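Notes follow once the structure below has been shown.
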Amino acid sequence: MTDRMIKTRFAPSPTGILHIGNLRSALYEYLIAKSKGGAFILRIEDTDRERYVEGAVEVIYSTLEACGLQHDEGPDIGGPHGPYIQSERLALYQAYAEELVSRGLAYPCFCPPQKSELTSEEGEAEAFGYDRRCRALDPHEARERRAAGEASAIRQKMPLEGETSFTDQVYGTITVQNKELEDQILLKSDGYPTYNFANVIDDHLMEITHIVRGSEYLSSTPKYCQLYQALGWEIPEFVHLPLILGEDGRKLSKRHGSTSFHDLIQEGYLPEAIVNMIAFLGWAPGEETREIFSLKELESLFHIEGINKAPAVFSYDKLNWMNEQYIRALPFEAWRGRVKEAADSAFGGRPYDLDMLARVLQPRVTKLSDIPGMIRFLTDRLPLSRELFHNKRARLDADRAAFVLESLYPRLRGLSDWTETGLLETLEKAGLELDLKKGLLMGALRAGLAAQQVTPGGAVETAIILGRSESLERLEIALSFLNEDKT
RNA sequence: GGCCCGAUGGUCAAGGGGUCAAGACAUCGCCCUUUCACGGCGAAGACACGGGUUCGAUUCCCGUUCGGGUCACCA
Numbered sequence: 022m023t024d025r026m027i028k029t030r031f032a033p034s035p036t037g038i039l040h041i042g043n044l045r046s047a048l049y050e051y052l053i054a055k056s057k058g059g060a061f062i063l064r065i066e067d068t069d070r071e072r073y074v075e076g077a078v079e080v081i082y083s084t085l086e087a088c089g090l091q092h093d094e095g096p097d098i099g100g101p102h103g104p105y106i107q108s109e110r111l112a113l114y115q116a117y118a119e120e121l122v123s124r125g126l127a128y129p130c131f132c133p134p135q136k137s138e139l140t141s142e143e144g145e146a147e148a149f150g151y152d153r154r155c156r157a158l159d160p161h162e163a164r165e166r167r168a169a170g171e172a173s174a175i176r177q178k179m180p181l182e183g184e185t186s187f188t189d190q191v192y193g194t195i196t197v198q199n200k201e202l203e204d205q206i207l208l209k210s211d212g213y214p215t216y217n218f219a220n221v222i223d224d225h226l227m228e229i230t231h232i233v234r235g236s237e238y239l240s241s242t243p244k245y246c247q248l249y250q251a252l253g254w255e256i257p258e259f260v261h262l263p264l265i266l267g268e269d270g271r272k273l274s275k276r277h278g279s280t281s282f283h284d285l286i287q288e289g290y291l292p293e294a295i296v297n298m299i300a301f302l303g304w305a306p307g308e309e310t311r312e313i314f315s316l317k318e319l320e321s322l323f324h325i326e327g328i329n330k331a332p333a334v335f336s337y338d339k340l341n342w343m344n345e346q347y348i349r350a351l352p353f354e355a356w357r358g359r360v361k362e363a364a365d366s367a368f369g370g371r372p373y374d375l376d377m378l379a380r381v382l383q384p385r386v387t388k389l390s391d392i393p394g395m396i397r398f399l400t401d402r403l404p405l406s407r408e409l410f411h412n413k414r415a416r417l418d419a420d421r422a423a424f425v426l427e428s429l430y431p432r433l434r435g436l437s438d439w440t441e442t443g444l445l446e447t448l449e450k451a452g453l454e455l456d457l458k459k460g461l462l463m464g465a466l467r468a469g470l471a472a473q474q475v476t477p478g479g480a481v482e483t484a485i486i487l488g489r490s491e492s493l494e495r496l497e498i499a500l501s502f503l504n505e506d507k508t
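Okay, structure coming up:
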C-alpha cells in the first residue's frame, strides 16, 4: 500500500485462556511485521465486562513471552499511542461516537438489547437483523430522551443501497451489498464500545497498517470499511487468516475444546514446537520443504503470499512429531533439567543416574508428560511374570533366563566398577566363558532389572540408572521368583 | 435460510494449461538393533463432480455438491 513501516497488533480479550487460534493470529501478526522490519503491538480488548476474567492479562503476557513474541508497544511497556487497554480509552470512543451522531451518521437506539439466543432452534432460525426502528426517530426527540436518562446504544447508519468492497491480501476482493449490512452498534448502553467500534478507532489511532485476524471476521469487514469511511480515515490492509479446525472438522474454538496454549504446555509440549506447528497451519514457505524452523528463521521466511485460504485441521500427530524434533534438538543440559524435574519427585530422594536417564530418554520422549510413565519401572518394582523373560529373537525363555541370571549375579555382585565399560566388560567376559549370546544375556538382564520388556535404553543403561545396590536387589528378587516358580 | 469464503492423498501442504502431481505427519513393509524407540530404505495413498475455453485442463470460467464462516448492546 505505502512505504510506511508495517505495524500489526495482537488484540486479545482477557477471557482467561489463550486459544491456539488466537496464538496463531498473534504469531502471524508478529511475523508479518517482523519480516518487514515492522512493529508488533499488544492491545487488550476488555470491552466485554461480563466475560472479563481476573488474571487473564497475565496469561497473555506469559504466553507471548514463552513463545518469544516480543511486542514493541503494549500495556506493560507503554508506547506512543497508549493506553493499550480499551477500558482505559472509553472517553475516546464516546467522543467519536458522539461526533458521528452529531454529523448524522449514527443515532441513539432505545430498543432493548437482542443478544443472541443460544437456544435458537435449528432450521427455524429466521434471524433477521435489527429493523432500524430508531433510525427514523427525530434527532431532537432522541436527544431529549437521552438527556432524561433513558438508556440507549449508538448505532451507525449504514447506506441502504450500493455496495461495499475491499481487497483482502489473502482472499482477494470481496464485495457485499450494503443492504446486507446491519446498523451496527458502536456504543453499548453501558457506555462501552463494541469490538467493532473500538477496534476501528484503535487500529487507526495506533497507526496499524495491517489488520491480521481470523477469517471469522471476513464477513463483518465491510462494516468496518463503512466506519473508516464515516470517520474519513484511510482503510488499512486486511489479512484474514484461514480458520483452524479440530479433528472433527469443526472450528476449533473456546466453546469446543481445551486447546489452549496453557493446556498444550501442561500436556508436555515445548513452546517452540507449538509455535513451529501453528506457523505451518495455513501457511507454507513455498519451494522450501523443510518444516522445522525457529522463530528467528520464520521471521525472515514468512510472506503473506504463502497464506492459504482453506481452513486447516490441527493435527496432534504432527505436533507430536514436531515436539520430538525439538526435544531431540534440545541442548543436553536443558534436557537434563527437564528430566530432573520429572524424575526427582518420582525417585523420591533415592539416588539415580540422572545423566544416563536423560541420555536414554532424549531420543525417545514424545512429550514431557510421558516421562513419569516411562520411568515408573525405575522407581517401582513391578510385578514379575515368566512371560517377561520370553524373547523369540534371543531364544530366551524363563528357564534359560534363570540360568543366565544365576551365572551373572555373582559376577555383577563382584563388580565394583558399576559403569558402562565395567558392566559391558563383565557381560562380554561372561558371554565368552559361558558361551552365551549377547542378546540372551541382555534380554535376561533387562527383564530381571526392569520387569518390563520395553525400556528406554538397554539392560546396561538400566543397571546404571538404577545403581549397583538396587540392581543387585532386583536381580535377587528376579532369581528367587524364577527359581520358586520353576516346575 | 440469507450473505461471504473455500475445495490437491486420512492430515498439513508444494505446484500450476502439457509434470511419472513435490515434501512432511500418520499408516504399512524391510534393514539396523540386546526389545521398544531412534535411524536408514521403501510402499500404498490425491487434483470433489458436471459443463465450457483450449490442440491440451488438476490448473482459467460457470454451475453443482460438499465443507467452513457469519448473521449479538461477544470478540
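Per the working numbering, the first sequence starts with residue 22, numbered consecutively. C-beta: ideal position from N, C-alpha, C; glycine also. In this text, all values refer to a predicted model and were calculated from it rather than measured experimentally.
Work out the CA separation of residue j and residue i for me, nearest whole Å.
{"i": "VAL475", "j": "ASP189", "result": "54 Å"}
{"i": "LEU457", "j": "ALA451", "result": "8 Å"}
{"i": "ASN329", "j": "GLY89", "result": "24 Å"}
{"i": "ARG467", "j": "MET395", "result": "15 Å"}
{"i": "ASP391", "j": "ILE265", "result": "26 Å"}
{"i": "GLU145", "j": "SER173", "result": "Residue confidence for GLU145 is low, a pLDDT of 40 falling below 50, so the modelled location carries little weight and cannot support an answer."}
{"i": "SER123", "j": "LEU52", "result": "41 Å"}
{"i": "PHE410", "j": "GLU362", "result": "32 Å"}
{"i": "THR140", "j": "ILE98", "result": "Here the model assigns THR140 a pLDDT of 38, short of 50, so the residue's position is not dependable, and the following value carries that caveat. Each residue's alpha carbon lies about 43 Å from the other."}
{"i": "GLU138", "j": "GLY358", "result": "Reliability fails at GLU138, whose pLDDT of 49 lies under 50, so the model's placement of it is uncertain and no value is given."}
{"i": "THR23", "j": "ARG153", "result": "With a pLDDT of only 49 at THR23, under the threshold of 50, the placement of this residue in the model should not be trusted, and no figure is reported."}
{"i": "GLU143", "j": "GLU408", "result": "Its pLDDT being 37, under 50, GLU143 is placed unreliably in this model, and the value from its coordinates should be taken loosely. Near 57 Å, if we compare the C-alpha coordinates of GLU408 and GLU143."}
{"i": "GLU147", "j": "LYS55", "result": "Here GLU147 scores only 49 on pLDDT, less than 50, and its place in the model should not be relied on; the value that follows carries that caveat. Rounded to the nearest angstrom, the two C-alpha atoms are 45 Å apart."}
{"i": "ARG421", "j": "GLU494", "result": "20 Å"}
{"i": "THR242", "j": "LEU248", "result": "10 Å"}
{"i": "LEU351", "j": "THR84", "result": "20 Å"}
{"i": "HIS92", "j": "ILE81", "result": "12 Å"}
{"i": "LYS57", "j": "LYS28", "result": "9 Å"}
{"i": "ALA216", "j": "ASP69", "result": "The sequence given here places Tyr at residue 216; Ala does not occur at that position. Between TYR216 and ASP69, the C-alpha separation is close to 9 Å."}
{"i": "PRO372", "j": "GLU482", "result": "15 Å"}
{"i": "SER490", "j": "GLU427", "result": "17 Å"}
{"i": "LEU429", "j": "LEU500", "result": "11 Å"}
{"i": "TRP439", "j": "ALA480", "result": "13 Å"}
{"i": "LEU273", "j": "ALA300", "result": "16 Å"}
{"i": "ARG276", "j": "GLU66", "result": "Because ARG276 sits at a pLDDT of 45, beneath the cut-off of 50, its placement in the model cannot be relied upon, and the following sentence gives the value as read from the coordinates. Near 19 Å, if we compare the C-alpha coordinates of GLU66 and ARG276."}
For the beta strand (DSSP E) that contains residue i, what are its first and last residues?
{"i": "LEU63", "result": "60-63"}
{"i": "TYR128", "result": "127-130"}
{"i": "LYS28", "result": "28-31"}
{"i": "GLU66", "result": "From DSSP, GLU66 is part of no beta strand (DSSP E); its letter is neither H nor E."}
{"i": "ARG176", "result": "174-177"}
{"i": "ARG193", "result": "In the sequence as displayed, the identity of residue 193 is Gly instead of Arg. Counting along the chain, the beta strand (DSSP E) containing GLY193 begins and ends at 193-198."}
{"i": "ILE206", "result": "206-208"}
{"i": "PHE187", "result": "184-189"}
Are the beta-carbon atoms of residue i and residue j separated by less than 9 Å?
{"i": "LEU63", "j": "ALA32", "result": "yes"}
{"i": "THR196", "j": "GLU182", "result": "no"}
{"i": "GLU288", "j": "LYS200", "result": "no"}
{"i": "LEU39", "j": "PHE218", "result": "no"}
{"i": "SER336", "j": "GLU268", "result": "yes"}
{"i": "GLY488", "j": "ASP374", "result": "yes"}
{"i": "LEU111", "j": "TYR245", "result": "no"}
{"i": "THR400", "j": "ALA367", "result": "yes"}
{"i": "LEU340", "j": "VAL360", "result": "no"}
{"i": "LEU496", "j": "LEU470", "result": "yes"}
{"i": "LEU207", "j": "GLN177", "result": "yes"}
{"i": "PRO134", "j": "SER34", "result": "no"}
{"i": "ASN504", "j": "GLY464", "result": "no"}
{"i": "PRO160", "j": "GLY193", "result": "no"}
{"i": "ARG156", "j": "ASP204", "result": "yes"}
{"i": "CYS130", "j": "TYR114", "result": "no"}
Compare the C-alpha of residue i against each of the options and name the closest.
{"i": "PHE61", "options": "GLU228, ILE486 and SER437", "result": "GLU228"}
{"i": "GLU255", "options": "ALA499, TYR213, ALA300 and PHE187", "result": "PHE187"}
{"i": "TYR105", "options": "PRO129, THR84, VAL78 and ALA465", "result": "VAL78"}
{"i": "GLY103", "options": "ASP224, ILE498 and SER56", "result": "ASP224"}
{"i": "GLU50", "options": "GLU482, GLY76, LEU207 and LEU316", "result": "LEU316"}
{"i": "SER236", "options": "ARG434, GLU441, SER46 and LEU445", "result": "SER46"}
{"i": "GLY100", "options": "THR215, ARG30 and THR36", "result": "ARG30"}
{"i": "GLY303", "options": "THR230, SER406, GLU318 and LEU262", "result": "LEU262"}
{"i": "ILE222", "options": "ARG234, LEU319, TYR117 and MET298", "result": "TYR117"}
By the DSSP assignment, the alpha helix (DSSP H) with residue i in it spans what residues?
{"i": "ALA355", "result": "353-368"}
{"i": "ILE41", "result": "41-55"}
{"i": "GLN165", "result": "Note on identity: in this sequence residue 165 is Glu, with Gln being the wrong assignment. Note, GLU165: alpha helix (DSSP H), 160-168."}
{"i": "ARG432", "result": "419-434"}
{"i": "ALA112", "result": "111-123"}
{"i": "GLU318", "result": "316-322"}
Report task. Within the region 218-305, note down every full beta strand (DSSP E) run reaching 3 residues or more, in order along the chain. Result -> DSSP assignment within the region 218-305 yields the following whole beta strand (DSSP E) runs of 3 residues or more, N-terminal first: 231-235 and 258-262.
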